[in-house]
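**Student:**
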Amino acid sequence: MKLSFSTNAFVRYSVAKAVEKISSIGYEGVELLADIPHLYVHAITASDIDRLKETVAWTGIKVANVNANTVKGYYGRKLWDPVFEPSLANPDPTARKWRIDYCKKSIDLAHALGSPMVSITSGRPMPEITPERSMDLLRESLKEVLDYAAGRNIRIGMEYEQGLLIEFAWELTELLEEIKSPYFGANLDLGHSHVSGEDPEAVIRSLAGKIFHVHLEDIKNRKHYHLIPGLGDIDFEALLQILARYSYEGFLTVELYTYPFKPEEAARRAFDYLKALPFWTAGV
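This is the structure we're talking about:
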């Protein structure tokens, strides 16, 4: 396993500068935000991508994931809430097609930048449609997205989160069993799992072999607010040991978008805390 950090904490910096700072701290990987103000796929140009490829190349960092979970750029203005709609399950066909196209462009971006995967979410349950019908729409949309991803050898990791259509590990596990594709797996946020009170070993065991990427953050009192590791209640040593036991070998991306005014400090403190765990010093 290797540590990575998400640029969604560095929204007051250019994406290139964010990559430079994350690399300088010692992270081996970086997660790129496919949204404003970094890589909103309907606004970036080929030259933007080429310049970022140069930055990635000279720093030597690896792109762990393209995070296409939110689409604030769709609304064209500042919003305080992470925006998951329009989603792949949106009842409006035009809005749903927009999200499918957005996913495809994010897949193209991942392919161009050497990322093995793109993370997505299910979107929120909508008041005018039942969850069952929303799931039907999600499955239909995923088929098109996964067909496109397969053509570019990019994997799609779905992230579950409180308040979304897919909000628990068991729901994602069921969906993965229905849609059996080597390109479809989990973007497992272990902070979300902690908020839900899930047993981490049971979750990791249920998703073993289908965990494409992991998000880490600390959580206190089960409040969904991302904290620097060490400031909350999560036992990260235990989590790393469990992940290793179930043969996870991918990136662990620290996601601290809650620190936009002190992202470099947050990234460094997280790195120092996690790297000091016995898991690493024991040479696991």
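Just so we're on the same page, my numbering is the position in the sequence shown counted from 1, plus 1. The C-beta atom is built at its ideal place from N, Cα and C for all residues, glycine as well. Note that the coordinates shown come from a computational prediction; the quantities given were computed from them, not determined experimentally.
#1: When DSSP builds the beta bridges, which residues end up paired with Ser120?
#2: First and last residue of the beta strand (DSSP E) that includes Glu32?
#3: Can you give me the C-alpha to C-alpha distance between His112 and Arg153, rounded to a whole angstrom?
#4: With DSSP as the reference, label Gly186 as helix, strand or coil.
#5: State buried or exposed for Gly210, treating a residue as buried only when at least 16 other CB atoms are found within 10 Å of its CB.
#6: List the residues that DSSP assigns as beta-bridge partners of Val255.
#7: Could you give the DSSP three-state label for Leu228: helix, strand or coil?
#8: Excluding the five sequence neighbours on either side, which residues of its own chain have a C-beta within less than 7 Å of the C-beta of Glu172, listed in chain order?
#9: Can the beta-carbon of Phe237 be found less than 8 Å from the beta-carbon of Lys3?
#10: Helix, strand or coil for Lys263 per DSSP?
#11: DSSP puts Ile235 in a beta bridge; with which residues?
#12: Could you pull the DSSP bridge partners for Lys106 from this structure?
#13: For Ile205, which three-state DSSP category applies?
#14: Going by other Cβ atoms of all chains shown within 10 Å of its Cβ, with 16 needed for buried, is Val285 buried or exposed?
#15: Using the three-state DSSP reduction, which class does Asp63 fall into: helix, strand or coil?
**Tutor:** In short, the structure shows the following:
#1: Looking up residue 120 in the sequence shown gives position 119. Asn68 and Gly158, per the DSSP bridge assignment.
#2: Position 31 of the sequence shown, counting from 1, holds the residue named residue 32. Counting along the chain, the beta strand (DSSP E) containing Glu32 begins and ends at Gly30 to Leu34.
#3: For the purposes of this step, residue 112 is taken as residue 111 along the sequence shown, with counting starting at 1. For the purposes of this step, residue 153 is taken as residue 152 along the sequence shown, with counting starting at 1. In a straight line, the C-alpha of His112 is about 7 Å away from that of Arg153.
#4: One-based indexing of the sequence shown puts residue 186 at position 185. Strand.
#5: As a working note, residue 210 is residue 209 in the sequence shown. Under this definition Gly210 is an exposed residue.
#6: Counting from one through the sequence shown, the residue named residue 255 turns up at place 254. In DSSP, Val255 forms a bridge with Phe6 and Leu217.
#7: Locating residue 228 in the sequence shown gives position 227, where the first residue counts as 1. In the structure shown, Leu228 sits in a strand (DSSP, three-state: E or B).
#8: Stepping through the sequence shown from its first residue, residue 172 is reached at position 171. So the qualifying residues of the chain are Tyr161.
#9: Position 236 of the sequence shown, counted from the start, is the residue given in the question as residue 237. Position 2 of the sequence shown, counted from the start, is the residue given in the question as residue 3. No, the Cβ-Cβ distance between Phe237 and Lys3 is not below 8 Å.
#10: Your numbering for residue 263 matches position 262 in the sequence shown. Three-state result, Lys263: coil.
#11: The sequence position of residue 235 within the sequence shown is 234, counting from 1. Residue pairing by DSSP places Ile235 in no beta bridge whatsoever.
#12: In the sequence shown, the residue the question calls residue 106 occupies position 105. Beta-bridge pairing links Lys106 to no other residue.
#13: Looking up residue 205 in the sequence shown gives position 204. Annotated three-state conformation of Ile205 is helix, per DSSP.
#14: As a working note, residue 285 is residue 284 in the sequence shown. With a pLDDT of 48 at Val285, under the threshold of 50, the modelled position of this residue cannot be trusted, and the question is left open.
#15: Numbered from 1 along the sequence shown, position 62 holds the residue referred to as residue 63. Reading the sequence as shown, one finds Lys at residue 63 and not Asp. Looking at Lys63 - three-state DSSP - the assignment turns out to be strand.
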